[in-house]
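Colleague: Shown below is the structure under consideration.
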Amino acid sequence: MHKKLFIPGPTEVREEVLKAQSQWMIGHRSKEFGELYHRCVSKTAEALKTKNHVMWFTSSGTGTMEGAIRNCVATDGKVLHTVNGAFSDRWFKISKSCGRQAARVDAEWGKAIKPELIDAELAKGGYTAVTITQNETSTGVRQPIEDIGRMMKEKYPDVLVLVDAVSALMGDWFEIDELGLDVVVASSQKAVALPPGLAVAVVSQRALDKCRTVPDRGYYFDYDAMLKRYDKDHQTPTTPAISLLWALDAELDHILKETMPGRYRRHLEMAEFTRAWAKQHFALFPEPGYESVTLTTVANTRDVSVKDLNAGLAGKGMQISNGYGDLKEKTFRIAHMGDLALDDMKQVTSAIVELLGL
Ligand SMILES: Cc1ncc(COP(=O)(O)O)c(C=O)c1O
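Take the sequence shown: its letters are residues 24 to 381, numbered as in our numbering.
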């Protein structure tokens, strides 16, 4: 039975997109492939209103997080990681495992990273880059990326800003170019509403210039190599997931038709509905004012068994997410990302009310 997914990735994929994936294979060195990839790149830039370089990799989001570090932080450079959950912690570990000098500032899980926290650490000097997990999926916290971007521009214009928007891009909205965000990465299986397997990096010119000075930037995620190949014939250096790019091409048409402001409004409407429901029956886990637009993390104040609840929902053809790591059973997460609509949120929340007898 098809279970409608209210988990923070993979999300529901529209049937039209599933069909688009099943077209006949083409060679990745053909003119037709170059046209397909070029359409995906151009339409992504148009949707995100960015003049930065758009690169779609055959990878999950974690690959592009690693890529951002490899390209933008030389082994004699230093990166500051802001950490307030499992995914921001993962990025710190990635930098370490790539042999980079990495420091971290932490905020309590559930609290947001504020510009002052970053400022206090960067003021010590010596940093090449800072990482921000714009939407921390383990806690449902949205970082104030607008305030952080503005602070960085004003006080640390030479420090590159690397942003994980894996579970938010194409759902939530922020101005990449205006905020001066140097690398923004995201996965296909979240708010882009595709199957897993593609990840995007939106790369500023200065991040690209920086990457060209980093000798040990690795091979697979090399921005310079990606761009050189793109400029030559709109192709990719290695064999891409062609089926997923067909799907992306179709979904981007849908996104452009809806428009990003429209898409953002729909996400916000679902978020506001789900938050109000959560407050009525439970409580919200994130710090007030910093709740994610693409998922709601509910504090399990009634001590219900989330495992049993999900089993009940499965019987009704739906699935939500338990809390992440230590937050398992203490919280649960309801995603409202991608192509879900308000009616879907009404359906899942009514089903929870019915199952729990609220
Ligand atoms: C905020 C965030 N960053 C990174 C990742 C890792 O992405 P992927 O599973 O596509 O590698 C996730 C996955 O859930 C995420 O939510």
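Positions of the beta carbon are idealized from the N, C-alpha and C atoms, including for glycine.
No experiment lies behind these values; they were computed from the predicted model shown.
If HIS290 sits next to GLY194, beta carbons under 8 Å apart, how far is it from one beta carbon to the other, in whole angstroms?
Modeller: In the sequence shown, residue 290 corresponds to position 267, counting from 1. In the sequence shown, residue 194 corresponds to position 171, counting from 1. Contact flag correct, Cβ pair sits at about 5 Å.
Colleague: So GLU69 and LEU279 are in contact, right, with Cβ under 8 Å, and what is the actual spacing, rounded?
Modeller: Within the sequence shown, residue 69 is the residue found at index 46, counting from 1. Within the sequence shown, residue 279 is the residue found at index 256, counting from 1. Between the beta-carbon of GLU69 and that of LEU279 there is about 6 Å, and that keeps the pair under the 8 Å contact cut.
Colleague: Could you spell out where the alpha helix (DSSP H) holding LYS101 opens and where it closes?
Modeller: Walking along the sequence shown from the start, residue 101 turns up at place 78. Note, LYS101: premise wrong, no alpha helix (DSSP H); beta strand (DSSP E) at 101-106.
Colleague: Regarding SER190 and ligand 1, is the C-beta to nearest heavy atom distance less than 8 Å?
Modeller: By 1-based counting over the sequence shown, the position of residue 190 is 167. Checking every heavy atom of ligand 1 against the Cβ of SER190, one is found closer than 8 Å.
Colleague: Can you give me the C-alpha to C-alpha distance between GLU39 and ASP349, rounded to a whole angstrom?
Modeller: Mapped onto the sequence shown, residue 39 falls at position 16. Mapped onto the sequence shown, residue 349 falls at position 326. Roughly 38 Å between the two C-alpha positions.
Colleague: Take the Cβ of LEU25 as the centre, count every other Cβ of all protein chains shown within 10 Å, and call the residue buried at 16 or more, exposed below.
Modeller: Within the sequence shown, the letter at position 2 stands for residue 25. According to the sequence as given, residue 25 is His; it is not Leu. So HIS25 counts as exposed.
Colleague: Is the CB-CB distance between ALA358 and LEU41 below 9 Å?
Modeller: Taking the sequence shown and counting its residues from 1, the one referred to as residue 358 is at position 335. Taking the sequence shown and counting its residues from 1, the one referred to as residue 41 is at position 18. Result no, Cβ atoms of ALA358 and LEU41 do not sit closer than 9 Å.
Colleague: Could you name each continuous beta strand (DSSP E) segment of 3 residues or more that falls completely within the segment 155-187, going from the start of the chain to the end?
Modeller: 183-187
Colleague: Just reading off the alpha helix (DSSP H) that ALA230 is part of, what are its end residues?
Modeller: Against the sequence shown, residue 230 aligns to sequence position 207. Run containing ALA230: 228-234, per the alpha helix (DSSP H) assignment.
Colleague: Just to confirm the assignment: which complete alpha helix (DSSP H) runs, minimum length 4, are found wholly within the segment 254-324?
Modeller: 265-281, 283-304
Colleague: DSSP state of ASP200, grouped into three classes?
Modeller: Residue numbering aside, residue 200 sits at position 177 when the sequence shown is read from its first letter. Of the three classes helix, strand and coil, the one that applies to ASP200 here is coil, per DSSP.
Colleague: Who does ARG252 pair with in a DSSP beta bridge?
Modeller: As a working mapping, residue 252 is identified with position 229 in the sequence shown. Beta-bridge pairing links ARG252 to no other residue.
Colleague: With DSSP run on the structure shown, which of helix, strand or coil describes VAL206?
Modeller: Residue 206 sits at position 183 when you count from the first residue of the sequence shown. VAL206 falls in the strand class under three-state DSSP.
Colleague: Is any heavy atom in ligand 1 found nearer than 8 Å to the beta carbon of SER83?
Modeller: As a first step, residue 83 is located in the sequence shown; it is residue number 60 there, counting from the start. SER83: yes, Cβ under 8 Å from ligand 1.
Colleague: Apart from the five residues just before and just after GLY203, which ones in its own chain have a Cβ nearer than 7 Å to its Cβ?
Modeller: Sequence index remark: in the sequence shown, residue 203 carries index 180 (1-based). Hits under 7 Å: GLY172, MET175, LYS176, VAL184.
Colleague: Given 8 Å as the limit, is there contact between the segment 205-218 and the segment 75-94, that is, 3 or more CB pairs closer than that?
Modeller: Yes, the segment 205-218 is in contact with the segment 75-94.
Colleague: Excluding the 5 residues preceding and the 5 following LYS330 in the sequence, name in chain order all residues of the same chain whose CB lies nearer than 8 Å to its CB.
Modeller: Residue mapping note: residue 330 aligns to position 307 of the sequence shown, counting from 1. Listed in chain order, the non-local C-beta contacts of LYS330 below 8 Å within the same chain comprise ASN345, GLU352, local neighbours out to five positions each way being set aside.
Colleague: Considering Cα atoms alone, identify which of CYS95, ALA364, ILE117, CYS63 is closest to ARG286.
Modeller: Along the sequence shown, read from residue 1 onward, the residue named residue 286 stands at position 263. Out of CYS95, ALA364, ILE117, CYS63, ALA364 has the C-alpha closest to the C-alpha of ARG286.
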